[in-house]
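Residue numbers (the UniProt record's numbering): 1 to 459.
First comes the structure, then the notes that go with it.
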């Protein structure tokens, strides 16, 4: 009977075939086929040999391979092979070994590291001071980026690999990315971002003897090609305009000379800081945030009806028509029953009405900060495992790692489905970084009509 393989299974089969053809897999298969491993397999079946763990076969195999490489390095360093009868003719010579235990992905491995008599041998395979072989640091950083705390990672390594790695060591390993984070946070930016979205998540940070709530603000900029980029992460340490002046100055110092529209959620002090830095920028309140705020005290049973009654306000053709629709809502049954909804729109009116001056193609781009909210939702899942962070730098480090981890995971999922028909692909697209705004060409054309002198010089 013939087995029909689906396109999805073909993708799996192709990956299995690629792994089977890798040099290491082929060498193992050839050894097994030759019968050279039959005695080993018999001992494994009888329980006389363990594959992994302390004293296991795989750690022993790693030990033999690494020590062979170290001996080859020393041979190159001293200039003669081990056992060479002419060894006395060379200035330097072998001088026994030094015991050293290193952590690998299969557990601890005890090595005998060769020495030379002059003490000038510095192995590259296992450098002096190294206590971990390749892959362990990357594993720890990946676990940390996935939301595990240092305590969780310590327990994971002890229970799975039998490795006793201190919390201080784990923290130092994760701190290796701090230089990369600093470079990313200080990297040069484009001269013009037509649209910038701003949103925040709340995190707990230790401040002396107290733990306080702080806002981690994230900016996402849309460049001239419609591609989204996370521009930076800032932890709010002061209130209002002073903090936002620092954020705007940072962006300006990194090369941002103009911004057309900044879409945010009514952040105190931001409009003033934006206008002081980019005098002609428009600060636009996120319409979805405004709708949510106005519905905050609306009874669940009335929400659909109230939302439908408010829809004509934000879909109006212009500001005058929107004002008329809001007055109609105010005088309606719903407006009288829920005066807070009316007050919310009135309070945000000046920051809402710029939205109404834009054509439909552009409205769809700036209607909501949902793209950055999706990012923040994922970041909250990562950060919620921590009771609090020791400092602001730890917050930025985790959020940056989490963004990289999320995008890398999604990229791997998409790579697995490469070649499948579109209707069979289930992998998520880019979360934010590198995502292209839908129908951006039409939106950019509208921006070029509205701001010709500011757009055309960058086309």
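We put the CB at the ideal spot given by N, CA and C, even for glycine.
The model shown is predicted, which means the values in this text are computed figures rather than measured ones.
Sequence-distant residues of the same chain with beta carbon closer than 6 angstroms to residue i, five excluded per side
i           : result
residue 314 : 287
residue 416 : none
residue 342 : 330 and 335
residue 109 : 59, 62, 63 and 102
residue 185 : 232
residue 252 : 277
Limits of the unbroken beta strand (DSSP E) element including residue i
i           : result
residue 26  : Here residue 26 belongs to no beta strand (DSSP E); instead the alpha helix (DSSP H) covers 23 to 34.
residue 388 : Neither: residue 388 is in no beta strand (DSSP E) and is coded neither H nor E.
residue 125 : Neither: residue 125 is in no beta strand (DSSP E) and is coded neither H nor E.
residue 220 : 210 to 222
Close Cβ partners of residue i (< 7 angstroms) along its chain, the five nearest in sequence each way excluded
i           : result
residue 516 : Residue 516 lies beyond the range of the chain shown here (1 to 459); nothing can be said about it.
residue 222 : 193, 194, 195, 228 and 437
residue 386 : 149
residue 158 : 164
Under the three-state DSSP convention, the category residue i falls into
i           : result
residue 155 : helix
residue 445 : helix
residue 430 : coil
residue 234 : strand
residue 49  : coil
residue 359 : coil
residue 225 : coil
Same chain, Cβ closer than 8 angstroms to residue i, neighbours up to 5 away in sequence not counted
i           : result
residue 242 : 269
residue 337 : 302
Pairwise C-alpha distance: residue j and residue i
i           : j           : result
residue 316 : residue 339 : 21 angstroms
residue 86  : residue 97  : 21 angstroms
residue 42  : residue 63  : 22 angstroms
residue 462 : residue 307 : Absent from the structure is residue 462, since the part of the chain shown begins at 1 and ends at 459.
residue 262 : residue 212 : 28 angstroms
residue 441 : residue 234 : 31 angstroms
residue 378 : residue 230 : 14 angstroms
residue 267 : residue 199 : 9 angstroms
residue 432 : residue 112 : 48 angstroms
residue 65  : residue 425 : 41 angstroms
residue 197 : residue 259 : 11 angstroms
residue 285 : residue 206 : 31 angstroms
residue 304 : residue 15  : 48 angstroms
residue 189 : residue 37  : 58 angstroms
residue 154 : residue 130 : 19 angstroms
Run of the alpha helix (DSSP H) containing residue i, from where it starts to where it stops
i           : result
residue 243 : 241 to 253
residue 327 : 319 to 331
residue 406 : 392 to 416
residue 90  : No alpha helix (DSSP H) contains residue 90, which DSSP labels as neither H nor E.
residue 351 : 349 to 352
residue 186 : Here residue 186 belongs to no alpha helix (DSSP H), and DSSP marks it neither H nor E.
residue 71  : 57 to 78
residue 306 : 303 to 314
Contact with chain D by residue i, beta-carbon distance below 9 angstroms
i           : result
residue 362 : Note that chain D does not occur in the displayed structure, where there is just one protein chain.
Presumed contact (8 angstroms Cβ cut-off) between residue i and residue j, rounded CB distance
i           : j           : result
residue 216 : residue 365 : Not really, about 24 angstroms apart at Cβ, beyond 8 angstroms.
residue 354 : residue 277 : Incorrect: roughly 18 angstroms between the Cβ atoms, too far for contact.
residue 256 : residue 191 : 7 angstroms
residue 173 : residue 137 : 5 angstroms
residue 448 : residue 456 : 6 angstroms
residue 67  : residue 124 : The Cβ separation is near 14 angstroms, so there is no contact.
Near the ligand COA: residue i beta-carbon under 8 angstroms from a heavy atom
i           : result
residue 398 : Ligands are entirely absent from the displayed structure, and the ligand COA is therefore not among its contents.
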